[in-house]
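Colleague:
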Amino acid sequence: MHIKKKDEYINIMVVPSSKKDIKSFKIKRSALKAYIFAATVLLIGLFSTFFYFAGKYTYLSAAVYEKDKIIAEKNQKIAEMQDINQSQDKKIAMLNDNAKKISDKMKSLDELEQKVRRMVGLSSPETSRGGITRDSRNLTLDEKTTNELSSEIDNKTYEYKALIDDISKRLDYLASLPSSYPVVGPITSPFGSRTSPYGESSEFHPGIDIAVGYGTPVKAAGKGIVTYAGWLSGYGNVVMINHGYGITSVYGHNSQLLVKVGQTVNRGDVIAKSGSTGRSTGPHVHFEIRLNGNPVDPMKYLSK
Numbered sequence: 026m027h028i029k030k031k032d033e034y035i036n037i038m039v040v041p042s043s044k045k046d047i048k049s050f051k052i053k054r055s056a057l058k059a060y061i062f063a064a065t066v067l068l069i070g071l072f073s074t075f076f077y078f079a080g081k082y083t084y085l086s087a088a089v090y091e092k093d094k095i096i097a098e099k100n101q102k103i104a105e106m107q108d109i110n111q112s113q114d115k116k117i118a119m120l121n122d123n124a125k126k127i128s129d130k131m132k133s134l135d136e137l138e139q140k141v142r143r144m145v146g147l148s149s150p151e152t153s154r155g156g157i158t159r160d161s162r163n164l165t166l167d168e169k170t171t172n173e174l175s176s177e178i179d180n181k182t183y184e185y186k187a188l189i190d191d192i193s194k195r196l197d198y199l200a201s202l203p204s205s206y207p208v209v210g211p212i213t214s215p216f217g218s219r220t221s222p223y224g225e226s227s228e229f230h231p232g233i234d235i236a237v238g239y240g241t242p243v244k245a246a247g248k249g250i251v252t253y254a255g256w257l258s259g260y261g262n263v264v265m266i267n268h269g270y271g272i273t274s275v276y277g278h279n280s281q282l283l284v285k286v287g288q289t290v291n292r293g294d295v296i297a298k299s300g301s302t303g304r305s306t307g308p309h310v311h312f313e314i315r316l317n318g319n320p321v322d323p324m325k326y327l328s329k
């Protein structure tokens, strides 16, 4: 037969600090154990919950830190890419400026070349001459290359300008030379010693006589400025043209003069009409060339 034990009680006394009455409580031992067990379970639950959330917080903090680190790295890379892009933009702008600089210089050089070719009567080339290419799109126009090309083009430009100056002087000289016959006809009296047409004596003939019909147009033998147009003893109506370079041409015995002193004429311009004025035995043109004031054989110029 099972005998039920009676619950034992535990007295709990509460002694206040004041002069109030002491209070006493009775709690069953079994109930106290239950309270202690429940409190223990509650504390264990609270601690477990604390550690769980603490772990979660730590994990989330670490995850947030990693994300912030990744974001910071991405932002740094973005900033670096922006710097690179800005550097590339500046480089592209520099290359564009260099390309335009070279293109402008090449255009100027081409114009000079065309001018030279026009001056000497040459056609334009199908391809570029020399070491400089006209297609700058295939060039890496960095600062060093640009400076080298620019220097080379400047040198070529200087050479072209010097060449143009030389050609201009040469062309002016050639245009000024009295190298064309003033009229077309037989030469009846050459330059030098001859028998006088008025007698048997010998005389010096300072030019050539070209026989033509009365009133034949007389043309300038080269480019120059008219320095005399009028009557001159022995020459009759005469025109003198200064061609520069110490050269003067003389056209005598004209029936009519068509130019005035100071007038500029070009080779082939009509300056007079032939006749037989002055010391003459018939219609013809006396053509004379003087070098530094001294008569020279016109054939040395006409033969050119």
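Just so it is clear: in the sequence shown, position 134 is 159 by the numbering used here, and no numbers are missing. No residue lacks a Cβ here, since even glycine has one placed at the ideal position from N, Cα and C. Just so you know, these numbers come straight off a predicted model, no measurement behind them.
1. Between the region 258-268 and the region 180-194, can you find at least three pairs of beta-carbon atoms closer than 8 Å?
2. May I ask you to report which of helix, strand or coil DSSP gives lysine 45?
3. Considering only their Cβ atoms, is the gap separating serine 280 from glycine 307 smaller than 8 Å?
4. According to DSSP, is glycine 269 part of a helix, a strand, or is it coil?
5. Taking valine 40 as the reference, which of Asn121, Leu283, Ser49 has the closest Cα?
6. Among Tyr34, Tyr206, Thr182, which has the Cα closest to the Cα of aspartate 234?
7. For methionine 38, which beta-bridge partners are listed by DSSP?
8. I'd like the span of the beta strand (DSSP E) that includes lysine 325, first residue to last.
9. Please report how far the alpha carbon of valine 321 lies from the alpha carbon of alanine 297, in whole angstroms.
10. Start and end of the beta strand (DSSP E) containing phenylalanine 312?
11. Would you give the residue range spanned by the beta strand (DSSP E) that arginine 219 belongs to?
12. On the criterion of 16 or more Cβ atoms from any shown chain inside 10 Å, does tyrosine 276 qualify as buried, or is it exposed?
13. Helix, strand or coil, according to DSSP, for glutamine 288 in the structure here?
14. Taking Cβ positions only, does isoleucine 103 come closer than 8 Å to chain B?
Modeller: Answer, in terms of the structure:
1. At 8 Å Cβ cutoff, the stretches do not touch.
2. Taking the first residue of the sequence shown as 1, we reach residue 45 at position 20. Three-state DSSP puts lysine 45 in coil, outside helix and strand.
3. As a first step, residue 307 must be located in the sequence shown, where it is residue number 282. As a first step, residue 280 must be located in the sequence shown, where it is residue number 255. With respect to serine 280, glycine 307 sits apart: the two C-beta atoms are not nearer than 8 Å.
4. Looking up residue 269 in the sequence shown gives position 244. Looking at glycine 269 - three-state DSSP - the assignment turns out to be strand.
5. Taking the sequence shown and counting its residues from 1, the one referred to as residue 40 is at position 15. If we check each option's Cα against that of valine 40, Ser49 comes out closest.
6. Here the question's residue 234 lines up with position 209 in the sequence shown. Among Tyr34, Tyr206, Thr182, the Cα nearest to that of aspartate 234 is on Tyr206.
7. Working through the sequence shown from its first residue, we reach residue 38 at position 13. Partner(s): Ser49.
8. For this step, residue 325 is matched to residue 300 along the sequence shown. Unbroken run through lysine 325 is the alpha helix (DSSP H), 324-327; no beta strand (DSSP E).
9. The residue you call residue 321 lines up with position 296 of the sequence shown. The residue you call residue 297 lines up with position 272 of the sequence shown. Looking at the two C-alpha atoms, the distance is approximately 22 Å.
10. Counting from 1 along the sequence shown, the entry for residue 312 is found at position 287. Here the beta strand (DSSP E) through phenylalanine 312 covers 309-316.
11. Residue numbering aside, residue 219 sits at position 194 when the sequence shown is read from its first letter. Its beta strand (DSSP E) spans residues 217-220.
12. As a first step, residue 276 is located in the sequence shown; it is residue number 251 there, counting from the start. It is buried - the Cβ of tyrosine 276 has at least 16 other Cβ atoms within 10 Å.
13. Within the sequence shown, numbered from 1, the residue matching residue 288 stands at position 263. For glutamine 288, the three-state secondary structure derived from DSSP is coil.
14. The structure shown contains no chain B; it holds only a single protein chain.
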